[in-house]
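Student:
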Amino acid sequence: MKVLIIEDEPSLRNSIREYLEHQGFICEVAADFREAIDKVTDYEYDCIVADIGLPFGNGLDVVRELKSLKSKAGIIIISAKDSLEDKLSGLELGADDYLTKPFHLSELNARINALLRRKNFDGNTSISFFEITVVPASKTVLVHDKSITLTGKEYQLLMYFIANQHRVVTKSALAGHLWGDAYDQAGSYDFIYTHIKNLRKKMMEAGGEDYIKTVYGTGYRFG
Amino acid sequence: MKLLTKTTLYFIMIMLPVFAGGAFYLFHKFNREIKHETDEELANDQLQWLRYLDTASVDNPIFSFRTQEFQLIPTDQPVQKKFKLKGVTLYQETEDAQAPFRELSQVISIHGKHYQMILRKSLIEKDDLAKNIIYVMLLAFGGLLMFVILSNWFISRNVWRPFYRSLDKIRQLQLNKMETRRFPSTPTHEFNQLNEALNQMTDRIHQDYINMKELTEDAAHEMQTPLAIAQSKLELLLQDENLSENQLKNIGQTSEELQRLSRLNHNLLLLAKIENQQYPVTEQPDLHQVLVQYLSLFEELIREKELTVETDLAPTAPWPLHPALADILISNLLGNAIKYNYPEGLIHIRLTAKTFTISNTSNLPEIPAGNVFQRFRKSNLGYSNSNGLGLAIVKKIGDSYHIRISYQYLNGLHIFTASC
């Protein structure tokens, strides 16, 4: 899976790259508009992560260029601008997703994974992790080929963990992924624990191994 | 007091004594003049009488004459060289009243005999004349006064019209629409100066406002990038498997704080945007749907705390709000009701077409009325995951979109009401 990261801030660019490469993506980077245009015209990517504000141009123009090239690449815009209009104009141009800064790297990774599943396989594939198999099209989860029933939130949790295997994901990242911006109101992330506990229980009851490790005071690690 | 009333009053206050003094002076002048004329007439009559008495009645030297107009009475007093004049009042039988007269008296000698001669002239007719004249004068003065006051009023009204127009404009000034407000030039020099000064002032304020707005927005946007970098670095750091529990915990906490900062930034920006009316009312979102959506979104939180939620909802409630603001209004109020509740507490929600009321139990005491909607006026009683802007945002939405937001503490319940 080839991902192009278009971001002018070197630190952020490198963080994203490092995180994604660890998750098995092949990453290319572009630091400004010209470089981005050169890369998208010369090479094919599965997914493009583009910042809007770039030196020498606008990330939205990169999206336009990609559309005119009839590129099949999935596009995720990352921007500090979070107004509805900005989001809509980005999505209207043909971007697939819009993430406002600051975001969790695990969230970006989960979105890229979801996007690639939709784009490349039309969801008609299964993801496997040892004895666990997920069929996204039907939202079914099999443990040792035996179907288990998960609630919507538990399913989302599992998918998030699978996307971010072997990485520590923070509780706030999980809350943000599952409940959106409204999780601000929560007051605590304790309620996530209930979902984790249930997911863990259901998978272990089906004979699966416990892959969810609690990382003290921070979050969880899967696998 | 209105300027017009004030000038008119001052005008009356000045004109009244002047006019009264004038009338008084005229009255006296007339009286004196009439007296003088009468005296002259009397002197004239006296001359005629003396001439007549000197020649006539020579044969009848002793006689006496008594009428109101003319008296000739023998007397022993010495002859007076000059006559005396004075005013008297005499009884009039026919009218049964006293009437004013001028009287000329002199002791004269006719053929060696002394007589007291008294000549009188009634002042009544002349008095009437004076009265009439004064009456006419007063009428004329009064009319003049009225006329002057009225014309002053009309003139002032016209002259001050540009002033009131400017005043109206000032009253309607809004920060975000300031550049379209121009104070026009007027025919009056002073008002032109005033309007020019106002134009300059609004331009300056508007410019400052724009700069400030841009600064806050740019600052908020620019802050997101370093926040994103710090956030990503911490997340990468978390992946280091050699970290101790304590280090992991510290990184986790730093990450939390960073997100709080980011939310704070986001909310401040939101406040600024609501203030600048950057959320036009394009459609009327159904508050009922929004509420149901957030109730299901917060379902876990409610279940976690074992809260009882009682609802009394109208099937639809289209409110004149931007959809994003309807979301914020509901999520902030509902979120607070959950966050500040105690376990197994109660939330009651009532929604009609025009009002939304949410009440909740809480361990927190009543919030002082002055503080409840103020920025950063958060409770310090163990709810650290608050940036103190939630209610300020709710209030700002209310202020900007004509929705009344009120808070009440009743029977241990914190009650927030929004009504449009």
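So the sequence lines, in the order shown, correspond to chains A and B. Each number in my numbering corresponds to the 1-based position in the first sequence with 8 added. So in my numbering, spot 30 of the second sequence is number 17, and the numbers just go up one at a time. Just so it is clear, CB atoms sit at the ideal spot from N, CA and C, and this is done for glycine as well.
1) Would a check of beta-carbon distances place Ser241 (chain B) closer than 7 Å to chain A?
2) Is the beta carbon of Thr(-5) (chain B) closer than 7 Å to that of Ile136 (chain B)?
3) In its own chain, which residues sit with a C-beta less than 7 Å from the C-beta of Pro330 (chain B), not counting the 5 before and 5 after it?
4) Exposed or buried, what is Ile1 (chain B) when buried is set at 16 or more other beta-carbons lying within 10 Å of its beta-carbon?
5) For my contact list, Leu28 (chain A) and Val71 (chain A) are in at a C-beta cut-off of 8 Å; report their separation, rounded to the angstrom.
6) According to DSSP, is Ala304 (chain B) part of a helix, a strand, or is it coil?
7) To the nearest whole angstrom, what separates the beta carbons of Ala379 (chain B) and Phe360 (chain B), a pair I think is in contact under 8 Å?
8) Quick check on Asp415 (chain B): does DSSP put it in helix, strand or coil?
9) Using 8 Å as the Cβ pair cut-off and three pairs as the minimum, do the stretch 255 to 263 of chain B and the stretch 208 to 219 of chain A touch?
10) With a threshold of 7 Å between beta-carbons, can Pro110 (chain A) be considered close to chain B, or not?
11) Inspect the beta-carbon positions of His112 (chain A) and Ala181 (chain A) and report whether they are closer than 7 Å.
12) Could you tell me whether the stretch 86 to 101 of chain B touches the stretch 51 to 65 of chain B, where touching means 3 or more Cβ pairs closer than 8 Å?
13) Does chain A have any CB closer than 7 Å to the CB of His401 (chain B)?
14) Are any of the Cβ atoms in chain A nearer than 7 Å to that of His275 (chain B)?
15) Exposed or buried, which one is Asp16 (chain A) when buried takes at least 16 other CB atoms within 10 Å?
16) In whole angstroms, what separates the C-alpha of Leu131 (chain B) from that of Phe6 (chain B)?
17) May I have the straight-line CA-CA distance separating Leu282 (chain B) from Ser349 (chain B), to the nearest angstrom?
18) Within 10 angstroms of the Cβ of Leu160 (chain B), are there 16 or more other Cβ atoms? Answer buried if so, exposed if not.
19) So, are the CB atoms of Pro272 (chain B) and Ala313 (chain B) less than 7 Å apart?
20) Could you name the residues that DSSP lists as bridge partners for Thr108 (chain A)?
21) Taking CB distances under 7 Å as the criterion, tell me whether Ile216 (chain B) reaches chain A.
22) DSSP state of Asn347 (chain B), grouped into three classes?
23) So that I know if they touch, is there some Cβ in chain A lying closer than 7 Å to that of Ser283 (chain B)?
24) Over the uninterrupted alpha helix (DSSP H) stretch that includes Leu13 (chain B), give me the two end residues.
25) Could you tell me if Arg89 (chain B) is buried or exposed, where buried requires 16 or more neighbouring beta carbons within 10 angstroms of its beta carbon?
26) Report the residue from A:Thr202, A:Gly184 and A:Val176 whose alpha carbon sits nearest the alpha carbon of Leu230 (chain B).
27) So, do the stretch 29 to 43 of chain A and the stretch 175 to 192 of chain B have three or more beta carbon pairs nearer to each other than 8 Å?
28) Quick check on the burial criterion: 16 or more other C-beta atoms within 10 angstroms. Buried or exposed for Tyr102 (chain B)?
29) Name the chain A residues whose beta carbon is nearer than 8 Å to that of Ser219 (chain B)?
30) Give me the subset of the stretch 186 to 220 of chain B whose CB atoms are less than 9 Å from a CB atom of chain A, sorted by chain position.
31) DSSP three-state label for Asn319 (chain B), please.
32) Are the CB atoms of Phe363 (chain B) and Gly377 (chain B) nearer to each other than 7 Å?
33) Can you find a C-beta in chain A that's less than 7 Å from the C-beta of Leu162 (chain B)?
34) Give me the chain A residues within the contact set of Lys236 (chain B), using Cβ-Cβ distance strictly less than 7 Å, ordered along the chain.
35) Interface residues of chain B around Thr202 (chain A) at Cβ under 9 Å?
Tutor: For this structure:
1) On the second sequence, position 254 is the one that residue 241 (chain B) refers to. Note that residue 241 (chain B) is Thr in the sequence shown here, rather than Ser. Closer than 7 Å: no.
2) In the second sequence, counting from the first residue as 1, residue 136 (chain B) sits at position 149. In the second sequence, counting from the first residue as 1, residue -5 (chain B) sits at position 8. Yes.
3) The residue you call residue 330 (chain B) lines up with position 343 of the second sequence. Cβ-Cβ distances below 7 Å link Pro330 (chain B) to Lys292 and Glu293 in the same chain, with the five nearest sequence neighbours on each side left out; the list follows chain order.
4) As a working mapping, residue 1 (chain B) is identified with position 14 in the second sequence. By the 10 Å Cβ count, Ile1 (chain B) comes out exposed.
5) In the first sequence, residue 28 (chain A) corresponds to position 20, counting from 1. In the first sequence, residue 71 (chain A) corresponds to position 63, counting from 1. Between Val71 (chain A) and Leu28 (chain A) the Cβ distance is about 20 Å, and since that is not below 8 Å, they are no contact.
6) Position 317 of the second sequence, counted from the first residue, corresponds to residue 304 (chain B). If DSSP states are grouped into helix, strand and coil, Ala304 (chain B) belongs with coil.
7) Translated into the one-based positions of the second sequence, residue 379 (chain B) becomes position 392. Translated into the one-based positions of the second sequence, residue 360 (chain B) becomes position 373. Indeed, because the Cβ distance is near 6 Å, the residues count as touching under 8 Å.
8) Lying outside -12 to 407, the shown extent of chain B, residue 415 (chain B) is not represented and no answer is given.
9) no
10) For the purposes of this step, residue 110 (chain A) is identified with residue 102 of the first sequence, where counting begins at 1. Yes, because at least one Cβ of chain B sits closer than 7 Å to the Cβ of Pro110 (chain A).
11) Translated into positions along the first sequence, residue 112 (chain A) becomes position 104. Translated into positions along the first sequence, residue 181 (chain A) becomes position 173. Yes, they are a contact pair.
12) Contact annotation: the stretch 86 to 101 of chain B touches the stretch 51 to 65 of chain B, with at least three C-beta pairs closer than 8 Å.
13) Residue mapping note: residue 401 (chain B) aligns to position 414 of the second sequence, counting from 1. False, the Cβ-Cβ gap to chain A never drops below 7 Å.
14) On the second sequence, residue 275 (chain B) is found 288 positions in, with the first residue counted as 1. Taking Cβ atoms only, chain A never reaches closer than 7 Å to His275 (chain B), which makes this a no.
15) Within the first sequence, residue 16 (chain A) is the residue found at index 8, counting from 1. Buried is the call here.
16) Taking the first residue of the second sequence as 1, we reach residue 131 (chain B) at position 144. Taking the first residue of the second sequence as 1, we reach residue 6 (chain B) at position 19. The alpha-carbon atoms of Leu131 (chain B) and Phe6 (chain B) are separated by roughly 10 Å.
17) What you label residue 282 (chain B) is simply residue 295 of the second sequence in a count that begins at 1. What you label residue 349 (chain B) is simply residue 362 of the second sequence in a count that begins at 1. Cα to Cα, Leu282 (chain B) sits roughly 19 Å from Ser349 (chain B).
18) As a position in the second sequence, residue 160 (chain B) is number 173, starting the count at 1. Answer is exposed; the Cβ neighbour count stays below 16.
19) Residue mapping note: residue 272 (chain B) aligns to position 285 of the second sequence, counting from 1. Residue mapping note: residue 313 (chain B) aligns to position 326 of the second sequence, counting from 1. Yes, these two residues count as a Cβ contact at 7 Å.
20) Counting from one through the first sequence, the residue named residue 108 (chain A) turns up at place 100. DSSP, once it has assigned bridges, lists A:Ser87 as partnering Thr108 (chain A).
21) Within the second sequence, numbered from 1, the residue matching residue 216 (chain B) stands at position 229. Judged by the 7 Å Cβ criterion, Ile216 (chain B) is in contact with chain A.
22) Locating residue 347 (chain B) in the second sequence gives position 360, where the first residue counts as 1. Strand.
23) If you number the second sequence from 1, residue 283 (chain B) lands on position 296. It does not: the Cβ of Ser283 (chain B) has no partner Cβ on chain A nearer than 7 Å.
24) Your numbering for residue 13 (chain B) matches position 26 in the second sequence. Here the alpha helix (DSSP H) through Leu13 (chain B) covers Leu(-10) to Thr42.
25) Residue 89 (chain B) sits at position 102 when you count from the first residue of the second sequence. When all chains shown are included, Arg89 (chain B) counts as buried.
26) As a working mapping, residue 230 (chain B) is identified with position 243 in the second sequence. Closest option to Leu230 (chain B), Cα to Cα, is A:Val176.
27) no
28) Numbered from its first residue, the second sequence carries residue 102 (chain B) at position 115. Tyr102 (chain B) is buried by the Cβ-count criterion.
29) The residue labelled residue 219 (chain B) in the question sits at position 232 within the second sequence. Going along chain A in sequence order, the residues near Ser219 (chain B) (Cβ under 8 Å) are Ser19, Leu20, Ser23, Ile24, Tyr27, Pro110 and Leu113.
30) Closer than 9 Å at the C-beta level to chain A, one finds these residues of the stretch 186 to 220 of chain B: Ala207, His208, Glu209, Met210, Gln211, Thr212, Pro213, Leu214, Ala215, Ile216, Ala217, Gln218, Ser219 and Lys220.
31) Working through the second sequence from its first residue, we reach residue 319 (chain B) at position 332. Helix at Asn319 (chain B).
32) As a working note, residue 363 (chain B) is residue 376 in the second sequence. As a working note, residue 377 (chain B) is residue 390 in the second sequence. No. Outside cutoff.
33) Residue mapping note: residue 162 (chain B) aligns to position 175 of the second sequence, counting from 1. Leu162 (chain B) does not count as touching chain A.
34) Your numbering for residue 236 (chain B) matches position 249 in the second sequence. Those are Tyr224, Gly225 and Thr226, listed as they occur along chain A.
35) The residue labelled residue 202 (chain A) in the question sits at position 194 within the first sequence. Within chain B, the residues near Thr202 (chain A) are Glu287, Arg290 and Glu291.
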